[in-house]
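Asks: Here the protein sequences come in this chain order: A and B. Letter 59 of the first sequence, counting from 1, is numbered 109 in the working numbering, and no numbers are missing. Letter 226 of the second sequence, counting from 1, is numbered 276 in the working numbering, and no numbers are missing. Ideal Cβ positions, reconstructed from N, Cα and C, are used throughout, including at glycine. Structure below; questions to follow.
2 protein chains.
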Amino acid sequence: MTKPSSITIADLGEHRLLRMVRGWFGTGGTDAAPIELGIGDDAAVVRTSPRTIVTTDALVENVHFRRHTIAPRDLGHKALAVNVSDLAAMAARPLAAFLALSVPPQTPVADLRAFFLGLRAAARTFGCPLAGGDLTRAPHWMLTITVLGTPLGRRVALRSAARPGDYLYLTGWPGESGAGLEALERKLAVSPKLLRRHRRPMPRLAEAAQLAKISPRLAMLDVSDGVWNDACQLAESSGVHVALRAADLPCSPLLARRVRGTGRAPLEYILFGGEDYELLCASPLAPAVMRAKYGALPGLAPLHPIGRIMPGHGVALYDAAGRRLPVRDRTFTHFKP
Amino acid sequence: MTKPSSITIADLGEHRLLRMVRGWFGTGGTDAAPIELGIGDDAAVVRTSPRTIVTTDALVENVHFRRHTIAPRDLGHKALAVNVSDLAAMAARPLAAFLALSVPPQTPVADLRAFFLGLRAAARTFGCPLAGGDLTRAPHWMLTITVLGTPLGRRVALRSAARPGDYLYLTGWPGESGAGLEALERKLAVSPKLLRRHRRPMPRLAEAAQLAKISPRLAMLDVSDGVWNDACQLAESSGVHVALRAADLPCSPLLARRVRGTGRAPLEYILFGGEDYELLCASPLAPAVMRAKYGALPGLAPLHPIGRIMPGHGVALYDAAGRRLPVRDRTFTHFKP
Chain A
51 MTKPSSITIA DLGEHRLLRM VRGWFGTGGT DAAPIELGIG DDAAVVRTSP
101 RTIVTTDALV ENVHFRRHTI APRDLGHKAL AVNVSDLAAM AARPLAAFLA
151 LSVPPQTPVA DLRAFFLGLR AAARTFGCPL AGGDLTRAPH WMLTITVLGT
201 PLGRRVALRS AARPGDYLYL TGWPGESGAG LEALERKLAV SPKLLRRHRR
251 PMPRLAEAAQ LAKISPRLAM LDVSDGVWND ACQLAESSGV HVALRAADLP
301 CSPLLARRVR GTGRAPLEYI LFGGEDYELL CASPLAPAVM RAKYGALPGL
351 APLHPIGRIM PGHGVALYDA AGRRLPVRDR TFTHFKP
Chain B
51 MTKPSSITIA DLGEHRLLRM VRGWFGTGGT DAAPIELGIG DDAAVVRTSP
101 RTIVTTDALV ENVHFRRHTI APRDLGHKAL AVNVSDLAAM AARPLAAFLA
151 LSVPPQTPVA DLRAFFLGLR AAARTFGCPL AGGDLTRAPH WMLTITVLGT
201 PLGRRVALRS AARPGDYLYL TGWPGESGAG LEALERKLAV SPKLLRRHRR
251 PMPRLAEAAQ LAKISPRLAM LDVSDGVWND ACQLAESSGV HVALRAADLP
301 CSPLLARRVR GTGRAPLEYI LFGGEDYELL CASPLAPAVM RAKYGALPGL
351 APLHPIGRIM PGHGVALYDA AGRRLPVRDR TFTHFKP
């Protein structure tokens, strides 16, 4: 007799499989408020406002993740989190998510179930129910999630809205996710918190809402490929120079402990680590005003003033005396020249 | 010196590649009316009505298509067409499309360009501009398209709306696409029209609009996996029996010519061919009334009365005397038990 844990989705066949998947969707999913019609028809029907914010992201096995560094349950969480983070970066909140999932026929049913349970739990946490999708086979895991959202305030926060004179802010603790991934790949014994930061990123929805509420103008993006690369995106989109102050880039106690004695600088992880899903934003509010207004809402991730927006172009890192520090760009790219 | 035709996307590097892709998107794409903000930020902004219809479909190389049976330009067309067809089946028209595309680094730039040109031309034809996306690498081609749409009339057409007594209708010429694919796979010399039906399916948007307008109630779906399977979906969703009349299933002259002398019946292609993207619908309008009302708008694909909706469940095929004919289900499935 086959052990339950070793049943694959090919053993079930498409019909039984789809019924199971619908069951996993059901409870946390299509009964949610903005979804008028969920999984099961040619398309879903979502209740929307006059402006709908839409983002789509693909995760490919062995490109974006490896099965030995992330469990299916964490993958389900993370796949949704990275898309919801894109909405947060626009100062929008999620309405509904759509999943196109491709997996090999020999995938254990238990893995698929764990993936969906992770996704469903994340959907509840972020208020972003699954409304539909597509399940196909492929030689490896591959998933694309599209999320529809609605603006948190009257305006969305664009990358192109930064102006010279603005102050640059960063939420939370960038670099921890990159350090977590490195520990996983090298099988190092580190704090589970560090691994969790890589496997279960939390989109900064509440922080985005507060920033959109208090800042008269806001340019924002989420830090997915390291602070350096996303600062470059901000500079390019807004046509400005982004001046980062090295001493003000926030090094968390976790990251500091991790790099101690390794000969590596926390800054490497912060600038080039990637997958932090913190928010990087530019606002005309000066740090003292920002601190008072932002801090008025308890429970948010800390907001660090880390630089200024200036006339010009590109990004540079400065020391406390205002001298430009050398930086070698180590951002991950999909297609290297 | 490298010949232009042999330049791969890895030769370009990610930055130049993304600039090129934005250029290909631009002209036909993000300047379109419902798109307030297109490619380039964390997410796009689409102007929507109170109900947004959303569908997502993945196409995987060697599962849904093979590179030797479809050129990149046709693939671009088809990938969008199959999603827009899902909207048509809901009695909705498209607003904007989102693309997650994964390709190997050694992909020729010329192939990627051809894909985008095919997609852009289809976007113009269907009134469905590209509003955003994601480009990553993968070991093979893989694409997921998500399309947002808006209802054509006051109601959307659900699969669950068929009632006993309804008449069953089918648009156009099912089976041609399946016969075209077979000819491509076996390298048979056939009419280019037949190949085109496989490579460049046309979603039945105008037909859906007319059906939604004239029919007081309408259950509808698009025929993607053969008439048999989609009739089964209709039966299951509506809780009814679908009675197909074998003699009334429309065999096009093209299909008739193709099967002549092969010993195969046109019915095999019609019932199990797949990828037709015709509309299958149930309406209380009797054929004579339907013919008069539907035919009032010229230029539409023909609409064939092919059966009735009855109390019960499942699908059956009947001869002219009302006798049930034996049918062996040959629908393609992703995960066979």
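Under 8 Å between the Cβ atoms of L255 of chain A and F176 of chain A?
Replies: For the purposes of this step, residue 255 of chain A is identified with residue 205 of the first sequence, where counting begins at 1. For the purposes of this step, residue 176 of chain A is identified with residue 126 of the first sequence, where counting begins at 1. Yes, Cβ-Cβ distance for L255 of chain A and F176 of chain A is below 8 Å.
Asks: Go ahead and pull the three-state DSSP assignment for D326 of chain A.
Replies: Here residue 326 of chain A corresponds to residue number 276 of the first sequence, with the count starting at 1. Reduced to three states, the DSSP call for D326 of chain A is coil.
Asks: Mind pulling the chain B residues with CB within less than 8 Å of E8 of chain A?
Replies: Outside the modelled stretch of chain A, which goes from 51 to 387, sits residue 8 of chain A, for which no answer is possible.
Asks: Pair every Cβ in the region 320-328 of chain A with every Cβ in the region 220-233 of chain A, then say whether three or more of these pairs are closer than 8 Å.
Replies: The region 320-328 of chain A is in contact with the region 220-233 of chain A.
Asks: By alpha-carbon positions, which one of B:I264, B:T119, B:L180 and B:V95 ends up nearest to N133 of chain B?
Replies: Position 83 of the second sequence, counting from 1, holds the residue named residue 133 of chain B. For N133 of chain B, the nearest C-alpha among the options comes from B:L180.
Asks: Looking only at its own chain, which residues have a Cβ that is under 8 Å from the Cβ of S135 of chain B, when we skip the five neighbours before and after it?
Replies: Mapped onto the second sequence, residue 135 of chain B falls at position 85. The residues are P251, P253, R254, D272, S274 and Y327.
Asks: Are Q283 of chain A and R209 of chain A touching if we call contact CB-CB under 8 Å?
Replies: The residue labelled residue 283 of chain A in the question sits at position 233 within the first sequence. The residue labelled residue 209 of chain A in the question sits at position 159 within the first sequence. Closer than 8 Å, so yes.
Asks: Express the C-alpha separation of G168 of chain A and L125 of chain A in angstroms, rounding to a whole number.
Replies: The residue you call residue 125 of chain A lines up with position 75 of the first sequence. The residue you call residue 168 of chain A lines up with position 118 of the first sequence. Rounded to whole angstroms, L125 of chain A to G168 of chain A spans 7 Å at the Cα level.
Asks: Is there a Cβ of chain A sitting closer than 8 Å to that of D326 of chain B, yes or no?
Replies: Counting from one through the second sequence, the residue named residue 326 of chain B turns up at place 276. It does not: the Cβ of D326 of chain B has no partner Cβ on chain A nearer than 8 Å.
Asks: Evaluate the contact criterion for the region 140-151 of chain B versus the region 94-111 of chain A: three or more CB pairs, one atom per stretch, below 8 Å.
Replies: These segments touch.
Asks: Given P144 of chain A, which residues of its chain have a CB within under 7 Å of its CB, disregarding the five upstream and five downstream residues?
Replies: Sequence index remark: in the first sequence, residue 144 of chain A carries index 94 (1-based). Closer than 7 Å at Cβ, skipping near neighbours: V134, L137, F176, G177, C178, V197 and G199.
Asks: Ordered along the chain, which non-local residues of its own chain (more than five positions away) have a Cβ less than 7 Å from that of R163 of chain A?
Replies: The residue given as residue 163 of chain A occupies position 113 in the first sequence. Closer than 7 Å at the Cβ level, and outside the excluded window around R163 of chain A, lie W74.
Asks: Please return the same chain residues whose Cβ sits closer than 8 Å to the Cβ of R374 of chain A, not counting the five positions on each side in sequence.
Replies: Position 324 of the first sequence, counted from the start, is the residue given in the question as residue 374 of chain A. So the list reads A366, L367 and Y368, once near-sequence residues are dropped.
Asks: Measure the C-alpha to C-alpha separation of V377 of chain A and V309 of chain A and round it to an integer number of angstroms.
Replies: For the purposes of this step, residue 377 of chain A is taken as the residue at position 327 of the first sequence. For the purposes of this step, residue 309 of chain A is taken as the residue at position 259 of the first sequence. Computed Cα separation, rounded: 19 Å.
Asks: At a CB-CB cut-off below 8 Å, which residues of chain B make contact with L208 of chain A?
Replies: Taking the first sequence and counting its residues from 1, one reaches residue 208 of chain A at position 158. Under the 8 Å cutoff, chain B gives L87 and D91.
Asks: Per DSSP, which residues does S152 of chain A bridge with? Please list them.
Replies: Within the first sequence, the letter at position 102 stands for residue 152 of chain A. DSSP output for S152 of chain A lists A:T186 and A:M192 as bridge partner(s).
Asks: Could you tell me whether the Cβ atoms of R267 of chain B and I359 of chain B are closer together than 8 Å?
Replies: Mapped onto the second sequence, residue 267 of chain B falls at position 217. Mapped onto the second sequence, residue 359 of chain B falls at position 309. It is not a contact, given that the beta carbons lie outside the stated cut-off.
Asks: Flag F176 of chain A as yes if its beta-carbon sits less than 8 Å from any beta-carbon of chain B, otherwise no.
Replies: As a first step, residue 176 of chain A is located in the first sequence; it is residue number 126 there, counting from the start. No, no contact with chain B.
Asks: Under the three-state reduction of DSSP, which class applies to C178 of chain B: helix, strand or coil?
Replies: Taking the first residue of the second sequence as position 1, residue 178 of chain B is located at position 128. Reduced to three states, the DSSP call for C178 of chain B is coil.
Asks: Tell me whether the beta-carbon of P337 of chain A lies closer than 8 Å to the beta-carbon of G215 of chain A.
Replies: Taking the first sequence and counting its residues from 1, the one referred to as residue 337 of chain A is at position 287. Taking the first sequence and counting its residues from 1, the one referred to as residue 215 of chain A is at position 165. Against a cut-off of 8 Å, the Cβ pair of G215 of chain A and P337 of chain A comes out as no contact.
Asks: What residues from the region 262-275 of chain A come within 7 Å of chain B, judged by C-beta to C-beta, listed N to C?
Replies: From the region 262-275 of chain A, only L271 and D272 have a Cβ closer than 7 Å to chain B.
Asks: Just curious, the beta strand (DSSP E) that M270 of chain B is in, first and last residue?
Replies: As a first step, residue 270 of chain B must be located in the second sequence, where it is residue number 220. Segment A269 to V273, the beta strand (DSSP E) holding M270 of chain B.
Asks: Can you round the beta-carbon distance between P201 of chain B and I103 of chain B to whole angstroms, since I take them to be within the 8 Å contact cut?
Replies: To locate residue 201 of chain B, count along the second sequence from 1; it is residue 151. To locate residue 103 of chain B, count along the second sequence from 1; it is residue 53. Between I103 of chain B and P201 of chain B the Cβ distance is about 7 Å, and since that is below 8 Å, they are a contact.
Asks: Would you mind working out which of B:F165, B:G182, B:E111 and B:P158 sits nearest A45 of chain B, comparing C-alpha positions?
Replies: Not covered by the structure: residue 45 of chain B. The range shown for chain B is 51 to 387.
Asks: Less than 8 Å between CB atoms is the rule here; does A160 of chain B satisfy it with respect to chain A?
Replies: By 1-based counting over the second sequence, the position of residue 160 of chain B is 110. A160 of chain B does not count as touching chain A.
Asks: Can you name the residues of chain B whose CB is closer than 7 Å to the CB of F148 of chain A?
Replies: The residue labelled residue 148 of chain A in the question sits at position 98 within the first sequence. Here the neighbours are V104, T106 and T196.
Asks: Expressed to the nearest angstrom, what Euclidean distance is found between the alpha-carbon atoms of A60 of chain A and V159 of chain A?
Replies: Residue 60 of chain A sits at position 10 when you count from the first residue of the first sequence. Residue 159 of chain A sits at position 109 when you count from the first residue of the first sequence. Computed Cα separation, rounded: 9 Å.
Asks: In chain A, which residues lie with their C-beta within 8 Å of the C-beta of M70 of chain B?
Replies: Here residue 70 of chain B refers to the residue found at position 20 of the second sequence. By Cβ distance, chain A contributes nothing, its closest Cβ being about 11 Å from M70 of chain B, past 8 Å.
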